[in-house]
Amino acid sequence: MKSTSAVALLISMWMFSGSGWGVTQAAAPSLGSAFKEWCQNLTSLSAERRKTVEILLEKADTSDCELAAENLSSRTELYLEVNQITDITPLTGFTNLEQLYLTDNQIADVSPLAGLINLKKLSLSVNQITDISPLAGLTNLEQLYLESNQIKDVRPLVGLINLEVLVLSNNQITNVNPLAGLTNLDELYLHQNQITNVSPLAGLTKLTGLGLENNQITDVSPLAGLINLIGLGLGGNQITDVSPLAGLINLEWLWLQGNPIPAGSSANAQPTCPVSRPDVCLF
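Every position in the sequence shown, counted from 1, becomes a number in this note's numbering once 284 is added.
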């Protein structure tokens, strides 16, 4: 009886250890395995996905799917600008990427990038993106370029606290509150949006470059404490009083053209430059 119990116990331990009869341990998928499978089944893919796979094969400089997968999955940089790409699903497994350039394509869905957590630099300017929520987990990003898309909501960026450069020009942004906590930003470009209130930017004191041209801004007093600014673009707004900028002593460029700033009373007089060096201002 004891012998039977002992045998049963051994069998039980063997099975739970993962080495028992009928138990197979699956090997972890290798980097690039998904790409390799898509590559080997090109004819079954949608035209959009097939196009992306073919472009990646060109980048790898081989038609051998296995070699291409190895080549691409080992890269830390990938340049795919101006290729009319719409489907970026084939990039899903390239988790070694630290820099990815997808400027000037036809991308609307960025969800395939959600797992590329090692990215430090990502360029998605000039695409058709409205939803950037899949980028919320890319917390290693230091530079993010999203110019010329159709973005309204920047709340997904709230946790990207390592960002140093953020380009959101030419979108449809009205609310910049979610950017208030991105205190490591060195450069921030928001021109050509629909912004009226810049007070959420008041705490971004590391900024050296700030672009706010062509918005609907009237009050610049929240920018008075950004003393590290070297370049500040405020052209094409509705600003009448620039005196709050007088303390920005490090400014080398201040763009103010296209605002209703009162000029002096003398003939051909220009508005008064708020900083001590008048050559800094462009009216």
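Think of the CB as a built atom: it goes at the ideal place given N, C-alpha and C, for glycine as much as any other residue.
Checklist entry - What did DSSP end up calling Gln456 once you bin it into helix, strand or coil? => result For the purposes of this step, residue 456 is identified with residue 172 of the sequence shown, where counting begins at 1. Reduced to three states, the DSSP call for Gln456 is coil.
Next on the checklist: Can you tell me whether Leu375 is helix, strand or coil according to DSSP?
Outcome noted: In the sequence shown, residue 375 corresponds to position 91, counting from 1. Three-state DSSP puts Leu375 in a helix.
Checklist entry - What beta strand (DSSP E) runs, 3 residues minimum, are completely inside the stretch 527-563? => result Complete beta strand (DSSP E) runs here, min 3: 537-539.
Checklist entry - Quick one: any contact between the stretch 455-474 and the stretch 435-447, if contact means 3 or more CB pairs under 8 Å? => result Judged by Cβ distances under 8 Å, the stretch 455-474 makes contact with the stretch 435-447, as three or more pairs qualify.
Checklist entry - If you draw a straight line from the C-alpha of Leu375 to the C-alpha of Leu491, how long is it? => result Sequence index remark: in the sequence shown, residue 375 carries index 91 (1-based). Sequence index remark: in the sequence shown, residue 491 carries index 207 (1-based). Rounded to whole angstroms, Leu375 to Leu491 spans 33 Å at the Cα level.
Checklist entry - Distance, Cα to Cα, Arg333 vs Ser317? => result One-based indexing of the sequence shown puts residue 333 at position 49. One-based indexing of the sequence shown puts residue 317 at position 33. As the crow flies, the alpha-carbon of Arg333 is around 16 Å from that of Ser317.
Next on the checklist: Suppose the cutoff is 7 Å on Cβ atoms and the five residues either side in sequence are ignored; what does the same chain contact list for Ala547 look like?
Outcome noted: Against the sequence shown, residue 547 aligns to sequence position 263. Once the five neighbours on either side are set aside, the close Cβ partners of Ala547 are Ala553, Gln554 and Pro555.
Next on the checklist: Can you tell me whether Ile401 is buried or exposed? The criterion is at least 16 other CB atoms within 10 Å of its CB, across all chains shown.
Outcome noted: In the sequence shown, the residue the question calls residue 401 occupies position 117. With fewer than 16 other Cβ atoms within 10 Å, it is exposed.
Checklist entry - Distance, Cα to Cα, Ser527 vs Ile514? => result In the sequence shown, residue 527 corresponds to position 243, counting from 1. In the sequence shown, residue 514 corresponds to position 230, counting from 1. For Ser527 and Ile514, the distance between alpha carbons rounds to 17 Å.
Item to check | Pro558 to Leu469 span [Cα, whole Å] | outcome: The residue given as residue 558 occupies position 274 in the sequence shown. The residue given as residue 469 occupies position 185 in the sequence shown. Within the model, the alpha-carbon separation for Pro558 versus Leu469 is close to 25 Å.
Item to check | Cβ-based burial, Ser409 [other Cβ within 10 Å; buried from 16] | outcome: Residue numbering aside, residue 409 sits at position 125 when the sequence shown is read from its first letter. Looking at its Cβ environment, which holds 16 or more other Cβ atoms inside 10 Å, Ser409 is buried.
Item to check | Given Val564 as reference, the closest of Pro544, Asn543, Gly542 and Leu529 once Cα atoms are compared | outcome: Stepping through the sequence shown from its first residue, residue 564 is reached at position 280. Ranked by Cα distance from Val564, the first of Pro544, Asn543, Gly542 and Leu529 is Leu529.
Item to check | Opposing strand residues paired with Cys565 [DSSP bridges] | outcome: As a first step, residue 565 is located in the sequence shown; it is residue number 281 there, counting from the start. The partner list for Cys565 (beta bridge, DSSP) reads Leu538.
Next on the checklist: Check for me: the alpha helix (DSSP H) holding Lys335 runs from which residue to which?
Outcome noted: Counted from its first residue, the sequence shown places residue 335 at position 51. For Lys335, the uninterrupted alpha helix (DSSP H) segment begins and ends at Ala331 to Ala344.
Next on the checklist: Looking at Glu497: is its Cβ nearer than 7 Å to the Cβ of Gly520?
Outcome noted: For the purposes of this step, residue 497 is taken as residue 213 along the sequence shown, with counting starting at 1. For the purposes of this step, residue 520 is taken as residue 236 along the sequence shown, with counting starting at 1. In this structure, the beta-carbon distance from Glu497 to Gly520 falls below 7 Å.
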